[in-house]
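Read in order, the letters of the sequence shown are residues 96 to 207 in the numbering used here. Have a look at the structure below, then the notes.
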Amino acid sequence: MIFELDKIGIKVKVIEEKKLKAIISLDFGDVSIKGFRISESEYANEQGDKLWLVPPSYRDGGGRYHPMFYMPDKNLWKCLEKKVFEEYHIQERQHFKKRLDLTDDDIPIINS
96 MIFELDKIGI
106 KVKVIEEKKL
116 KAIISLDFGD
126 VSIKGFRISE
136 SEYANEQGDK
146 LWLVPPSYRD
156 GGGRYHPMFY
166 MPDKNLWKCL
176 EKKVFEEYHI
186 QERQHFKKRL
196 DLTDDDIPII
206 NS
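What follows is the structure, encoded as structure tokens:
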């Protein structure tokens, strides 16, 4: 299956918790995969944010987590991550604008 990144739909639900920042759903046309998470990280990603995109996973009887979504092509994964983080930042900005009743003039533009 070939993924066309520009055709992937990204739905972001911003979460206001300490480490968990958002829940992500990816729509690949007829297939939708839910349960991606954006979490805080100790390390900066390629965009310079201290965020980490975590694919959906399950926990086995021994307490280990196993991903349910995997892309063997690391370059494709990096491109998908970048697209998800871009959409996250757009939705995060909209979330806080609405929640705090702000206008665009009230929010500083931060270029990464």
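Note that beta-carbon positions come from the ideal geometry of N, C-alpha and C, so glycine has one too. Computed from a predicted structure; not experimentally measured.
Item checked: Residue interval of the beta strand (DSSP E) (run including I118) -> The residue given as residue 118 occupies position 23 in the sequence shown. Taken as a continuous stretch (DSSP letters only), the beta strand (DSSP E) holding I118 covers L115 to F123.
Check: Quick one: is L195 buried, meaning 16 or more other Cβ sit within 10 Å of its Cβ, or exposed?
Finding: Taking the sequence shown and counting its residues from 1, one reaches residue 195 at position 100. Classification for L195: exposed.
Margin query: In the DSSP output, which residue or residues are listed as bridge partners for E135?
Written below: If you number the sequence shown from 1, residue 135 lands on position 40. Beta-bridge pairing links E135 to L146.
Notebook entry, point to check: Does DSSP put R188 in a helix, a strand or coil?
Noted result: The residue you call residue 188 lines up with position 93 of the sequence shown. Three-state result, R188: helix.
Note to self: Suppose you measure from the CA of S136 to the CA of V149; what does that come to, to the nearest Å?
What the structure shows: Sequence index remark: in the sequence shown, residue 136 carries index 41 (1-based). Sequence index remark: in the sequence shown, residue 149 carries index 54 (1-based). Between S136 and V149, the C-alpha separation is close to 11 Å.
Next item on the list: Keeping to the same chain, check which residues put their C-beta closer than 6 Å to that of G130; ignore five residues upstream and five downstream.
Entry: The residue you call residue 130 lines up with position 35 of the sequence shown. Closer than 6 Å at the Cβ level, and outside the excluded window around G130, lie P151.
Notebook entry, point to check: With distances taken between CB atoms, is the gap from I128 to F98 smaller than 8 Å?
Noted result: Taking the sequence shown and counting its residues from 1, the one referred to as residue 128 is at position 33. Taking the sequence shown and counting its residues from 1, the one referred to as residue 98 is at position 3. It is not a contact, given that the beta carbons lie outside the stated cut-off.
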